[in-house]
Amino acid sequence: MAQLLAVVGGGDLSTHAVLAVEALRKAAGRRNQPIALELRGPGTSGNPLPESAIARAEAVLLVGSGDLGEGRFGALRRAKVAIEDVLTDVNAVIDRVLSGAGDARAASGSTVAAAAGPMRIVAITSCPTGIAHTFMAAEGIQSAGRALGHEIRVETQGSVGARDALTAPEIAAADIVLIAADTGVDRARFAGKRVYATNTKAAIRDGKGLIATALAEAQLQAAGEAEAESPTRPAAAEKKAGAYKHLMTGVSFMLPFVVAGGLLIALAFAVGGIDAMAPGNAGTLGYALGEIGAKGAFALIVPALAGYIAYSIADRPGIAPGMIGGMLAANLQAGFLGGIAAGFIAGYTARFLNRHIRLHKNLEGLKPVLILPLLATLVTGLLMVYVVGVPVAAILSALTGWLKGMQGAGALVLGLVLGGMMAVDMGGPINKAAYASSAALISSGIYAPMAAVMIGGMTPPLGIALATRLFPGRFTAPEREAGGAAAVLGAAFITEGAIPFAAADPLRVIPSMVAGSAIAGALALSLGVELKVPHGGLFVLPIPNAVTNLTGAMIAIIAGTVVTAILVGLLKKRAA
1093 MAQLLAVVGG
1103 GDLSTHAVLA
1113 VEALRKAAGR
1123 RNQPIALELR
1133 GPGTSGNPLP
1143 ESAIARAEAV
1153 LLVGSGDLGE
1163 GRFGALRRAK
1173 VAIEDVLTDV
1183 NAVIDRVLSG
1193 AGDARAASGS
1203 TVAAAAGPMR
1213 IVAITSCPTG
1223 IAHTFMAAEG
1233 IQSAGRALGH
1243 EIRVETQGSV
1253 GARDALTAPE
1263 IAAADIVLIA
1273 ADTGVDRARF
1283 AGKRVYATNT
1293 KAAIRDGKGL
1303 IATALAEAQL
1313 QAAGEAEAES
1323 PTRPAAAEKK
1333 AGAYKHLMTG
1343 VSFMLPFVVA
1353 GGLLIALAFA
1363 VGGIDAMAPG
1373 NAGTLGYALG
1383 EIGAKGAFAL
1393 IVPALAGYIA
1403 YSIADRPGIA
1413 PGMIGGMLAA
1423 NLQAGFLGGI
1433 AAGFIAGYTA
1443 RFLNRHIRLH
1453 KNLEGLKPVL
1463 ILPLLATLVT
1473 GLLMVYVVGV
1483 PVAAILSALT
1493 GWLKGMQGAG
1503 ALVLGLVLGG
1513 MMAVDMGGPI
1523 NKAAYASSAA
1533 LISSGIYAPM
1543 AAVMIGGMTP
1553 PLGIALATRL
1563 FPGRFTAPER
1573 EAGGAAAVLG
1583 AAFITEGAIP
1593 FAAADPLRVI
1603 PSMVAGSAIA
1613 GALALSLGVE
1623 LKVPHGGLFV
1633 LPIPNAVTNL
1643 TGAMIAIIAG
1653 TVVTAILVGL
1663 LKKRAA
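In this note's numbering, the protein residues as written are 1093 to 1668.
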C-alpha cells in the first residue's frame, strides 16, 4: 500500500493540531494505511518526517496553516486541507489525498514550478543584536539555496550595520527578495521586486521549506510603499511577533548608544577616579570622557529607542516624531518606559496618517517632508506632555527606587527569574524580553539586572562545554567537538551557542541550563554585581569600572556553569 505523509501546522490552534494528528493516526491505523506524521508548531518541528519516508511516499497531506516545509516534497502529489476538515471527517480527507483530488495550487503545479528551475534569490537576515540568529538564519538560507540549486546572496544586518551588502545590480537581477528578520528592514530599495518576509526562526528551522514558500507566495513591493503598508509585510510567523518585533527593532538601534556610553563612563572613572565627572575636574581627560558618554551617548538612548520603534511600525515617516517623542520622554523623566510609549504612539500615528491622507499627485511630495512629520510630531508631543509623560515618570521613579533599594530575598528572586529567562529559549522572545528590559534600565542608572542577564546568558553554552569534558560518554563525537565552539560563544555572551545541544535533547538539557542560569543570576544580584554595558561577556570584565564586584561576577559565572554541567551529565543518557 502507498506510503502517505501528513504535515499538520497548528499556528494559533496548537491543541486542535494535536487532535488532528491523533485523528489521522487512528484513521490510518483502522484502514491499515501506512502514514508518517509531522506536527509543526510556532518555532519548532517536534517530529520531523524522516528522509526515508519522504523518498517512499506517493502523496502528502498538508493540514492547517503556517510554514509546512513544502519544499521537501518536490513533485509529490499533495492535498491541502484545514484542521477543521480533519476533525470533522478524517476519512474523507484521507480519501481525498489518496484519490489525487488535491489542492488546486498543487494540481496546477505552481508551487512545484516555482521551485523547479534555478532562481536568483537575494536575502536579508537580521536579529536585534545582529549576532547569533542573524548568521544562523543566513547559513540556513545559503545551505538550502545551494542544495536546491538556486543562486543566492545574503546580506546580514545587526546593531553594527550591514555585512555583505546587496548591490543594486544583484537586486535588479533577483527573481525574489527573501527577508528573514526579527527587526524592521528598510524595503525602499526593493521597489518593483517580489518580496517575502518572515522571521529568523523560519530560516533556521527549515531553509528549504522557507525558500519554496517564498518562491510561491512572494508579492510585489510597490514603489514608495512603506513597510507597514506592504502586502508582503510579513508572513504569518512574522505577524504574530507584532509589538515585540517593533520593540526589538528599537532595542537593536539603541544598543550601540548604551555600549558606547557605558564604556566611556567606565573609562572616565578609570582615568580620573570616582570623581572624574565632578565640575571641579572640568578640562581633564576623565571629565571629557564622562561628558561624551553621559551627556552625548546616554542622552540619545531614549530618543533612539523611540525613533526606531516608530520606524519599525511606520517606516521612515515614523523616525522624526518617534525621536522627538523620545526626547520629550527623557526631558519629562519618563525614561525608557516613556520612550517605548512615545515610539508606539508616533509609529501608529504616522502610519495612520500616511494611509488616510490623500493629496493630489503634484502635492504628494509634501507628505514625507512636511505633513507627516508635523502632524505625527504634534499628536505624539501633545500626548506625551499632557497624557503619558507624568504617570509614566511616576511609574519609572517607583520602579527605579524599588530596584535600587532591592536586597536580600528580593534580589535573590529577581536574579533567579532573570537568569532563568535567559536560558528558557536561548535567544527567543523570553530571552530577549529579559535582555531588552535590562539593557534599557542602564539608561536610568540601574545596572544590577544587566549583570544577572549577561551572566545568566553566558552559563548555558559554558555549562554545555564543561559537560562535554566532564561527561564525554553523554555526547556524540561531533557534539564533543562542538563543545569548544560553545565555550567561545558562551564567553562572548552568545547564549545561542547552546541551541544545537538543547535541540538534540530538550527535555533534559533545557531544564539543566535554566537551573544553572537561575542560580548564576541569583548569585550575581545577591553579591551586588552591577554591569554598565549590555554585551561582551568575559571580554568586558577587565575594563575598569565596567563591572562592580568583579569577584562576585566570576563566582556567579563559575557556579552557574558548574551546576549546568553537572545536571546535564546526571540527566542526559549515554550517547549511542
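Here a beta-carbon is modelled for each residue, glycine too, at the ideal position from N, C-alpha and C.
Since we're looking at a predicted model, the values are computed, not measured.
Endpoints, the alpha helix (DSSP H) within which residue i is located
| i | result |
| --- | --- |
| Leu1270 | Premise fails: Leu1270 lies in the beta strand (DSSP E), 1268 to 1273, not in any alpha helix (DSSP H). |
| Ala1265 | 1260 to 1265 |
| Leu1381 | 1377 to 1382 |
| Val1214 | First-last for Val1214: 1212 to 1218, but that is the beta strand (DSSP E), not the alpha helix (DSSP H). |
| Ala1422 | 1411 to 1423 |
| Leu1307 | 1299 to 1309 |
| Glu1143 | 1143 to 1148 |
| Val1363 | 1335 to 1364 |
| His1242 | Counting along the chain, His1242 falls outside any alpha helix (DSSP H), and DSSP gives it neither H nor E. |
| Val1277 | Taken as a continuous stretch (DSSP letters only), Val1277 belongs to no alpha helix (DSSP H), as it is neither H nor E. |
| Tyr1403 | 1393 to 1406 |
8 Å Cβ cutoff met for residue i and residue j
| i | j | result |
| --- | --- | --- |
| Ile1127 | Gly1156 | no |
| Ala1280 | Ile1186 | no |
| Ala1531 | Leu1659 | no |
| Lys1524 | Pro1220 | yes |
| Ala1638 | Ile1547 | no |
| Ile1234 | Phe1282 | For the sequence presented, residue 1234 should be read as Gln rather than Ile. No, the Cβ-Cβ distance between Gln1234 and Phe1282 is not below 8 Å. |
| Gly1582 | Pro1541 | no |
| Asp1159 | Asp1298 | yes |
| Ala1485 | Leu1424 | yes |
| Ala1543 | Ala1616 | yes |
| Gly1669 | Leu1397 | Absent from the structure is residue 1669, since the part of the chain shown begins at 1093 and ends at 1668. |
| Leu1663 | Arg1561 | no |
| Leu1455 | Ala1434 | no |
| Ile1463 | Gly1439 | no |
| Ala1034 | Gly1237 | The requested residue 1034 does not occur in the structure, where the chain is confined to residues 1093 to 1668. |
| Arg1132 | Val1100 | yes |
| Ala1515 | Val1606 | yes |
| Thr1305 | Ala1229 | no |
| Asp1274 | His1225 | yes |
| Phe1345 | Tyr1379 | no |
Close Cβ partners of residue i (< 6 Å) along its chain, the five nearest in sequence each way excluded
| i | result |
| --- | --- |
| Ala1199 | Bear in mind that a pLDDT of 36 at Ala1199, under 50, signals an unreliable position, so the number given afterwards is only what the model happens to contain. Cβ within range, chain order: n/a, list empty. |
| Phe1563 | Gly1661 |
| Met1513 | Ile1522, Ala1526 |
| Ala1557 | Gly1575, Ala1578, Ala1579 |
| Ala1422 | Val1394 |
| Pro1323 | Caution applies to Pro1323, whose pLDDT of 36 falls short of 50 and renders its modelled position unreliable; the model cannot decide the point. |
| Val1269 | Val1214, Phe1282, Lys1285, Val1287 |
| Ser1144 | none |
| Phe1165 | Val1152 |
| Ser1536 | Gly1427, Thr1492 |
| Glu1673 | Not covered by the structure: residue 1673. The range shown for the chain is 1093 to 1668. |
| Ala1610 | Leu1508, Gly1511, Gly1512 |
| Gly1680 | No information on residue 1680 is available, as it lies outside the stretch 1093 to 1668 that the chain covers here. |
| Val1204 | Any reading at Val1204 needs caution, since the residue's pLDDT is 37, under 50, leaving its predicted position unreliable; the model's value is listed next. The answer, listed in chain order, is Ala1167. |
| Leu1495 | Ile1538 |
| Ala1318 | With a pLDDT of 46 at Ala1318, under the threshold of 50, the predicted position of this residue should be treated as unreliable, though the coordinate-derived value follows. Cβ within range, chain order: Asp1407. |
Bounding residues of the beta strand (DSSP E) (the contiguous stretch that carries residue i)
| i | result |
| --- | --- |
| Lys1172 | 1169 to 1173 |
Proximal residues to residue i (C-beta, below 7 Å), its chain only, five neighbours per side dropped
| i | result |
| --- | --- |
| Ala1574 | Pro1592 |
| Ala1115 | Val1178, Leu1179, Val1182 |
| Ala1370 | none |
Cβ of residue i within 8 Å of any chain D Cβ
| i | result |
| --- | --- |
| Ile1586 | The displayed structure is made up of one protein chain only, and chain D is not part of it. |
Residues bridged to residue i [DSSP beta-bridge criterion]
| i | result |
| --- | --- |
| Ala1289 | Ile1271 |
| Glu1247 | Ile1216 |
| Val1155 | Val1100, Val1173 |
| Gln1095 | Ala1149 |
| Arg1255 | Thr1248 |
| Leu1312 | Arg1286 |
Sequence-distant residues of the same chain with beta carbon closer than 8 Å to residue i, five excluded per side
| i | result |
| --- | --- |
| Pro1636 | Ala1358, Leu1359, Phe1361, Ala1362 |
| His1242 | Pro1210, Met1211, Arg1212, Ile1213, Ile1303 |
Exercise. Ignoring anything shorter than 4 residues or poking outside the region 1097 to 1129, list the alpha helix (DSSP H) runs there in chain order.
Key: Whole alpha helix (DSSP H) segments, 4+ residues: 1106 to 1122.
Quiz item: Which parts of the region 1486 to 1548 are runs of the alpha helix (DSSP H), unbroken and 4 residues or longer, counting only runs that do not cross its ends?
Solution: Contiguous alpha helix (DSSP H) elements confined to the region 1486 to 1548 occur at 1501 to 1516, 1521 to 1533, taking only those with 4 or more residues.
Self-check item: Secondary structure, alpha helix (DSSP H): runs of 4+ residues fully inside the region 1573 to 1651
Solution: For the region 1573 to 1651, whole alpha helix (DSSP H) runs of length 4 or above, ordered along the chain, are 1591 to 1596, 1598 to 1618.
Practice problem: Run through the region 1417 to 1468 for me and flag every whole alpha helix (DSSP H) of 4 or more residues, listed as ranges in chain order. | Solution: The qualifying runs are 1427 to 1448.
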